[in-house]
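Take the sequence shown: its position 90, counting from 1, is numbered 109 in the working numbering, and each next residue is one higher.
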Amino acid sequence: MAGPTHVATAEPRRARARQVPEAWGAAGGLVAGLIALTLLSIGLAGLSFGFHEFVLTVLINLILVVGMYIFIGNSGVLSFGHISFMAMGAYVAALVSIPTAQKQFVLPDLPHWLTNAQFATVPSILIGAVFAGIVGFIVGIPLMRLSGIAASIATLALLVITNVVLGEWETVTGGRTALVGVPITTTIGAALAWCVLTIVTAWLFQRSRVGLRLRGSREDPVAARAAGIGITRERLIAFAISAFVVGIGGGLYGHRIGSFAPNDFYFHITFFLIAMLVIGGIKSLSGAVVGTLTVSVIQEIIGRLENGEGVGPIHLHLRDGVTDAVLAILVLLIMLLRPGGITGGRELVLPSRTMRIFRRRRELAA
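Laid out in structure tokens, this is it:
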């Protein structure tokens with residue numbers, strides 16, 4: 020009896036050994052590529068300040084796009100309102116990190132308890148992210164009952180409401196003028212650490228029970244409901260987690276530029292971040308990363324040409340707005356010719372040789 024029992028026990032172990040590298044191959048590949056890109060940036064920082072700033076922008080964009088993917092990619096519901104949570108994260112993190120003396124000058128009518136609140140960068144970013152996550156959960160209770168175009172329009176309304184509140188609440192946000200004095204503390208190392216945590220969180224979520232049920236409802240809502248999946252509940256969980264992650268990106272953004280206004284979190288950045296997700300592939304984590312890198316490179320190249328700067332041997336002076344037009348055309352082409360995006364909705368994995376070695380070691384250990 021010992022022999023068959025041993026064989027029966029070993030088979031599930033071998034199956035799990037095969038599943039582990041397949042499950043973590045994409046996340047490992049994405050994180051490894053991200054670290055390599057950042058190390059390259061650090062190595063070239065002394066030679067090219069512009070390249071250093073470009074990589075910092077890419078890392079923050081990655082956090083924002085991957086945060087949006089947690090909800091949009093897994094649920095299949097396109098949200099135009101996630102930049103609201105970026106704005107909340109940025110403003111709340113700024114209000115609790117600006118030095119007290121400076122807040123008394125910049126925002127003299129700020130409530131006393133908020134004037135005296137001052138935290139370091141990491142706690143302030145977390146406070147802003149928690150606030151965004153709580154608001155996301157509250158507004159998600161009614162919004163997640165909607166589907167399709169109704170849900171998208173509702174999230175667009177959320178974006179407009181947030182912009183109006185930020186612009187008119189002068190005693191707290193400073194109104195339409197820029198909020199200044201935010202400590203500029205976001206470094207490449209900090210952005211990389213948050214970015215890796217964001218990618219791992221997104222991967223763990225889509226592999227979790229909630230994530231798998233949500234992805235199932237994305238493919239066939241009727242069958243999912245018939246199987247007993249509470250679509251509203253799964254969407255609400257994803258929406259709150261997504262709002263939290265995007266809030267982190269907002270806090271990092273605010274602590275990178277030092278000053279911002281409500282219109283910095285409106286339609287323009289919404290278009291660019293959604294374009295990144297659509298171009299890369301809205302249904303995969305790899306698509307979110309690939310799309311962010313692709314669009315960021317296009318933005319950087321065309322932006323330099325718009326400013327009259329050369330890109331290698333190319334020396335042109337393009338009119339303002341060319342970047343928007345090029346990205347709009349690219350989104351149209353992707354939607355017409357490759358609706359699944361660059362990755363086709365599939366996850367990128369580590370090279371097969373690395374996967375075989377890892378799988379073999381796991382089988383021997385089992």
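A virtual CB, placed ideally from N, CA and C, is assigned to each residue, including glycine.
Cβ contact annotation for G108 (same chain, cutoff 6 Å, sequence separation greater than five): G147, A148, A151, G266, G269 and G270, in chain order. In this structure, I153 is the residue among V345, I153 and W222 with its C-alpha nearest to the C-alpha of I256.
By the C-beta density criterion, A169 is exposed, having fewer than 16 other C-beta atoms within 10 angstroms. With respect to the 7 Å criterion, A210 and I79 are classified as neighbours on the basis of their beta carbons. Residue burial is scored here from C-beta neighbours: T196 has fewer than 16 other C-beta atoms within 10 angstroms and is therefore classed as exposed.
I218 and V85 have their C-alpha atoms roughly 7 Å apart. F90 sits in a helix when the DSSP states are folded into three classes.
Membership of L211 in the alpha helix (DSSP H) is indicated by the continuous run I207 to R226.
Between the alpha carbons of L356 and G310 lies a gap of roughly 16 Å. When the Cα atoms are used, F279 and E72 turn out to be separated by approximately 18 Å. Apart from the 5 residues on each side of it in sequence, G159 sits with its Cβ closer than 7 Å to the Cβ of L255, F258 and A259 in its chain, given in chain order. Annotated three-state conformation of F138 is coil, per DSSP. Contact check for L335 and L324: beta-carbon distance about 5 Å, within the 8 Å limit, so the pair qualifies. The alpha helix (DSSP H) runs lying completely inside the stretch 226-297 and spanning 4 residues or more are 228-238, 240-245 and 250-276, given in chain order. By the beta-carbon neighbour count (other beta carbons within 10 angstroms, threshold 16), G363 is exposed. Approximately 6 Å separates the beta-carbon atoms of L83 and L292; this is inside 8 Å, confirming the contact. Annotation for T181: the continuous alpha helix (DSSP H) segment containing it runs G167 to E187. Spatial neighbours of P240 in its own chain (CB-CB distance under 8 Å, excluding positions within 5 residues in sequence) are listed in chain order as S166 and I250.
A straight line joining the alpha-carbon of V229 with that of G322 spans about 40 Å. Look at the beta carbons and you see the stretch 104-119 not touching the stretch 344-353: under three pairs across the two are nearer than 8 Å.
One thing to note: I203 has its Cβ no nearer than 7 Å to the Cβ of G95. Counting along the chain, L349 sits inside the alpha helix (DSSP H) bounded by residues V341 to L356. Pairwise C-beta distances place the stretch 171-178 out of contact with the stretch 112-128, as fewer than three of them are shorter than 8 Å.
If you draw a straight line from the Cα of L304 to the Cα of R365, it comes to about 8 Å. Per DSSP, R323 is one residue of the alpha helix (DSSP H) stretching across L304 to E325.
Annotation: L223 to F138 spans about 30 Å, alpha carbon to alpha carbon. Cα atoms of S227 and I89: separation of roughly 12 Å, rounded to the nearest angstrom. From the listed residues V77, E189, G92 and L114, the smallest Cα separation to A221 is found for G92. A Cβ-Cβ separation of about 6 Å places V201 in contact with H274 under the 8 Å criterion.
The beta carbons of P281 and L185 sit closer together than 7 Å. A246 counts as exposed, since fewer than 16 other C-beta atoms from the protein chains shown sit within 10 angstroms of its C-beta. Distance from the Cα of S98 is smallest, within the candidate group R234, G194, L177 and V74, for L177. Taking a C-beta distance under 7 Å as the contact criterion, V350 and A294 qualify as a contact pair. For M163, no alpha helix (DSSP H) run applies, since DSSP gives it neither H nor E.
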